[in-house]
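Down below is the structure, laid out as C-alpha cells.
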Amino acid sequence: MPQHVPWVVHIKDQPGSSEQDIRDEPDWIQRRAHSIGFKNREGRRPGHADRDSDHEGEIEEARHQLEELRRKIDTGALVNFRDLIQHQPSFHLRHPENRSLGWRYVLETTEDWVKNKEKWPANVHKWQKAEDVEEGKKGETEKQEKSLHDGDNQDQQPHKEGEKPKLTAQERAFLEALDAERHYISSLKENDGRGKCPQTQNRTSITIDEQDQFTPDNWLPRHPGLIRLTGKHPMNAEPPPMQLFEGGLITPNELHFIRNHGPVPRLLWEFHKLDIEYNGHTLSLTMDQLKTRYRDSTINIPVTIACTGNRRKELNMLRKTKGANNAAASVGCAYWKGPLLRDVLLSAGVPETFPAGTRYWINFAGADRPSEGPYETSIPFEYAMDPTNDILLAMEMNDLPLPPDHGYPVRLIIPGYVAARCVKWLRRIWISGHENESYYHIWDNRLLPPFVKDKDSEFARVLFNHPSTAINQQNLNSVIVKPAQGEMIRMKEVKAGETYRIQGYAYNGAGHEVQQVEVSVDGGNGWLFATRRFPDFPIRHGSKFWSWVFWQVDVELADLVRAPSVMVKCLDAAKNTQPRESTWNIMGMMNNSWYTVMSETITDPKDKAPAVLFRHPTEAASLGGGWVQPSKEIKLAQAKQEAGTPRKQFTREEIEKHDKEDDCWIVVDNKVYDVTSVLEWHPGGKSAIMAHAGRCHHDTTDEFSSVHDDFAYGKLRECVLGQVTEKTANFIKHGAEAAAKERAGNAQKKGKGDHLALQKHRWVPVKLVDRRAVSSDTRTYTFELPVGKPSLGLGTCQHIQLGFHLQDKMLVRSYTPTRPILTQDDNAPASPTRSGSHSEKPQQNPSADQPRRSSAPSILQSKSTAPEGTFDLTIKTYFPTEDQPGGALSNLLDCMPLGEEVEIRGPTGDITYLGHGEFWIVGPSPRKARFERVSLVLGGSGITPGYTLMARILLTEGDATEVRAVDANRTEGDILLRDELDQFEECSRGQVKITHVLSRPGDGWTGERGRVDAGLLRRALFPPGEASAVFLCGPPGMVQGVALPALRDWGYVEDENMFGF
C-alpha cells in the first residue's frame, strides 16, 4: 500500500429513511423495472417528459467545479493538465442535441500557461537564472545596439412599313420564357414562418483546416472551398461565386460567407445567458428558456444577408480602402429560426411604444472581444417593434444549431439589413435614448464621401459620427456567375443556333423585391430581360421579400463570343437601379455598380486554336485573375514600398529562429521585418501575426496585401530589417509554385481516395475507444476512424499529427501508429510526391494478396493489421511532479473519457518504405532509392518510425533488407516497445540487430552506457557504402548536436544516403 496516500475516510451523518417511507416502499421484484419516476437500467426516469431538473443540477455542479478550480488558481495553487481536464465539463458527450455541427471539446487553457507561467519550482529557478544572466548581459547588449545603429449590338433587319416583324427562334424562346415567368411570379406564395428548410446538404461533421491549428479558432470545422480574405486569423471568407450559386437558392451552412472581427467565442449552451435590460430590471434567459418559452413566437424564414464590403476589391484596385479584398460572394441566403425579438422584449417589460416625440434605440452586444472593444450596435426602437419586420433571435440556421462562425448559440437577424447589424453571439440587449457609441458602431459600416481618404482627419471624425453615414438597409446588387471566371469557349465549338445560358444572382434590402434583372452583351447599349427564380414561399406580410433571386437569360452562343462584355443590372419596385460606375469610399462599402464580365480572344494553349476567355472584375483575396488592374496610384505606392529597404540579407535559417512572441520576424515581399512590438496593438490580434512568425513562405505576403492599407504599409516600413537572400527568395517562390500545383492537383483528384481518413491539409476527428496500460507510464490508445473511412492512408515510416484543442491554439504532436503495420487496402496509394499529391508509380505495400513471412515474431502477427476503421498509438506519459506539470498531450490522453475526440492530420514525413529495400524519398527531386543495409539512429519516442520499418521488413516474405539500430534512452524503463524489439532480434536470425544505450542506467544494466557518440555509432551501425543508408529520429540535441556531425565525418551524405524520418 502506498505510504503517501492519506487513507482516511470521511462520511456525513445521515438520518436514514423514515419509518413511513420504509413501510410504503414497494416490492421491487414484483414491480416493473421501468416504474414511473424511478430510474431504469439506462438511468432514465420513465414517465418524465424532460430532465430539466437533473440537467440543471448537472450544470450547477459543473459550474461549482469550475469556480472551485478558479479559486484554487487565484490562491496561487499549482494545477496541471490532469486537474484542468477533470474539472472542465464535457456536456457534449452527454447532451449532444444542442451542439453545432462538428462541435469540438476545447480545454480552456494554454500549454504555455500551464508549463511556463505557473510558479512551478522549475520555472522559478529558470526565471531567477534568466534574471541573473540578463543583468550580466545588459551592458554588452547596449554596446551591440549602438554598433548596429552605427552600421546601418447586333443591328435588327429592317422590315416593310405595316408588316409585322417575324420573331427569330431565339426571340420566340425568350418570349415563352417571359410568359412562363409571368405565371411563375403570379403563383408565388406567402411564407407563414412555420416551414422547414429545404436545404439538407452536409448533415455530417466536416474537418478542420490546418490554417486554424495555431489560432484560437483551432476547434472550428470550416469548408475547404472558402477563400480566406484576411489570412489565417481572424476568419473572414467567402466561397467562389460559382460554388455559391451551385449550392442553391438556400445557401448551405458551410458555404455561407463568414465575417469575424476576432476569435470566435467558445460559448456553452448550458452556461450562456441572454440579458434583456429595461427600466432597472434584467430578464436573464438561459438558452433552454429562450428556446422553449417563446415557441409560439418562433419563426423559420429564408433571409439574405450580405457583407457591407461585398465587391470591395474592385474599389481596392482604385485605391486601398480600410477593408479586405472581398469579391462578389460575401452574401448568402439561409433559413434562420428563432423567436421574434419583439415578443422577447415585451416579456421583459419593454412597452410596445414610447410617448410621441421621443426617440429610442435598441442596443445589442455580442460575446466576442475584438481588438477595439466589444462588438455593439443599435437600431431604431420603432423599427425593431414593427411585427412586419421579422427581426428574430436566431438559434438555428437551415434547421441546425447555429455554426459557431455564425453566432452560436444565438444571434440577431434583421431581414433587409446589412450583416453588420445582425450581431452574433448575442449576450445583451438594452434600450437607450441615443445611438450606440461603441467603436464598431461609429467607426465601421459607414458610407463616407470619396474626398475622405484618411480616418484620422477632422472630416473623418465628424462624418463617422454623423447619423446619416450609418449603413443599415442593404442596397440593390446583382452578380454574374456564368460565364465563370476563367471560362473558355473554343471557336470551333460554336454552332449556329446553339444557345448559352447566362446566370447569376441579385438581392435588395428593406424587403423590396428585385423586380427586374437586365443583361447586356453589347456594352450597355441594349438590354435583355432576365427571368428570375425565388426560394419557395418567398413573400412575407403580403409584399416583403427577404430573400435573393437567381436569374438567367439565354443568348445565341455566336452572339456571346462576339460580345466585348457581359453586363448586369437590376431594378426594384420603384425602378431604382444600380449605378454604372463604382464610387470609391474609405471603408470600401456598398459597391453596387453594374457587374461586368469582359471577354478576350486568346489562343487555346492545348491545341493552339482561337478561343474566347471570360474574366470577372476581380477574384477574392490575393487571387489575381480579374480584368480590373491596379491603378497608377496603387502602383506608385508599391514602388514606394520597394524603395529604402536596407541592404542587409538574412538566410532562411536565421529568420526561422525568430518565431516567438518576444522575438517575432515576418517576411513580406521578400523583405524581413521585426514586428515584435506590433503584437501588443495589432488590430487583428497577435494570432494573425504569430501564424507567420519565422516563416519563409508566400502566404505572409498574400495575407498582408489582401487586408492592409497605406497606413499599415507605412507602419510595416518602420519595422524593416533587410531582405532575404537569393536562395531564400527562390525557396519562397518554389514553395508558392508547389502549393499552386498541389491545389490544381487536388481539384483534379476530387473524389479519389475517399476511403482514406487522413487528409494532408485538414484535421479529421477520431474517437478514443480504448486505453490499455503497457507499463506504469506507457499506454496504447485505440482510436476509431470516421464512418466511411475504413483506412488510415499511411505509408510505412510516415507519421500522423495528433491534435487537441486548447484555448489559444491546437496542441500538436507527431506520432507513428504502432498498429496497423500492414495496409489492408489491396489498392494501396501511389508514392507520395513532394507536394503531398501522388505520382503514378505504384506503391508496393504488402496487402492481403502478398505473402507474409511465416517466421515473423508472434507479437507482430497480432499487430500487423487492426480491426477495420481503427489504429493504435503507443505513448509514454510524462506525469506531473511537485516540480513541473508534466507532458501536456500525454496526460490529457491518459485522463480524457473514452468517447472523446481528438484530431489527426497527415501523412507527414519525407520517407516512405515501399518494401524489399526500396524507399520513396521526398526532396527537391522526389525519387526512389534502394538500400540493402539500413542503419537507424533513434531516441526516445523516435523509436516508432524505426519500429514500423523493422516490423514491415520482418513481416514481408522475401524482404532481405538488413537493419542495425541504435536506440537511446535515459533509463531501462524508458525503452518503448521493449518486448517487440527483443523479439525482432530473436526471430530475425541476425537480420535485425538493436543496440540500446542508456544515459542513466541502473545497476543491473549490461548494455551500452552513456550517450550516443561517434564511437558507438561506428561500432553498432553499417559503414557508409553504395547500398547503405542511415535514418534518424530523436531529440534535437542528440540528432543535430551529435549524430549528424559524427555520421558526416564517417562519410554519410545528407539527402544522398542520410535522412531524417
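Residues in the sequence shown are numbered consecutively from 1, following UniProt numbering.
Beta carbons are placed, not taken as given, at the ideal position from N, Cα and C, and that holds for glycine.
By the three-class DSSP mapping on this structure, what secondary structure does residue i have?
| i | result |
| --- | --- |
| V555 | strand |
| A470 | strand |
| W1050 | helix |
| K767 | strand |
| Y408 | coil |
| E68 | helix |
| R969 | Before going further, note that residue 969 is Asn rather than Arg in the sequence given. Strand at N969. |
| C664 | strand |
| F245 | helix |
| T353 | coil |
| Y335 | strand |
| N236 | strand |
| N123 | helix |
Do residue j and residue i count as a contact pair if the criterion is CB distance below 8 Å?
| i | j | result |
| --- | --- | --- |
| T780 | T645 | no |
| R421 | I379 | yes |
| S582 | L393 | no |
| I391 | L340 | yes |
| C197 | Y335 | yes |
| Q515 | L571 | yes |
| M589 | I471 | yes |
| Q649 | G722 | yes |
| A691 | F1031 | no |
| W103 | H92 | yes |
| I994 | D1013 | no |
| T961 | E1008 | no |
| L101 | L426 | no |
| L977 | I953 | no |
| S687 | S622 | no |
| P302 | V479 | no |
| G788 | W763 | no |
| K313 | A329 | no |
| I276 | L345 | yes |
| V922 | A1029 | no |
Could you give the C-beta distance for residue i and residue j, rounded to a whole number, given that I count them as a contact under 8 Å?
| i | j | result |
| --- | --- | --- |
| I219 | H805 | The sequence shown places Trp at residue 219, not Ile. About 4 Å separates the two Cβ atoms, so the contact holds. |
| P765 | L794 | Their Cβ separation, rounded to whole angstroms, is 17 Å, which puts P765 and L794 out of contact at 8 Å. |
| G195 | P234 | About 34 Å separates the two Cβ atoms, so there is no contact after all. |
| A1046 | L1021 | The pair is not a contact, with the Cβ atoms about 10 Å apart (cut-off 8 Å). |
| L679 | E656 | About 18 Å separates the two Cβ atoms, so there is no contact after all. |
| A348 | Y278 | 6 Å |
| Y595 | W548 | In fact, because the Cβ distance is near 14 Å, the residues do not count as touching under 8 Å. |
| W551 | T577 | Actually they do not touch by this definition, with Cβ atoms about 14 Å apart. |
| N253 | A620 | Not quite, the Cβ-Cβ distance comes to about 19 Å (not below 8 Å), so this is no contact. |
| T778 | T870 | So it is not a contact: roughly 19 Å between Cβ atoms. |
| R1011 | S999 | 5 Å |
What's the gap between the Cα of residue i and the Cα of residue j?
| i | j | result |
| --- | --- | --- |
| D659 | G694 | 4 Å |
| F257 | L229 | 10 Å |
| E600 | V553 | 21 Å |
| D808 | G684 | 14 Å |
| S457 | A637 | 20 Å |
| T782 | G909 | 22 Å |
| A830 | L792 | Confidence at A830 is low in this model, with a pLDDT of 39, below 50, so its placement is unreliable and no value can be given for it. |
| L318 | I586 | 11 Å |
| P559 | P239 | In the sequence on display, residue 559 carries Asp and not Pro. Distance between the alpha carbons of D559 and P239: 30 Å. |
| R927 | E957 | 25 Å |
| K632 | G626 | 17 Å |
| M491 | G526 | 24 Å |
The alpha helix (DSSP H) that contains residue i, what's its start and end?
| i | result |
| --- | --- |
| S687 | K686 to M690 |
| V481 | From DSSP, V481 is part of no alpha helix (DSSP H) but of the beta strand (DSSP E) over N477 to K482. |
From what residue to what residue does the beta strand (DSSP E) around residue i run?
| i | result |
| --- | --- |
| K273 | K273 to Y278 |
| Y505 | T499 to Y507 |
| S347 | That residue, S347, is in no beta strand (DSSP E); its alpha helix (DSSP H) goes L341 to S347. |
Any heavy atom of the ligand ATP within a distance shorter than 7 Å of the CB on residue i?
| i | result |
| --- | --- |
| Q801 | As far as ligands go, the structure on display features none, and thus does not contain the ligand ATP. |
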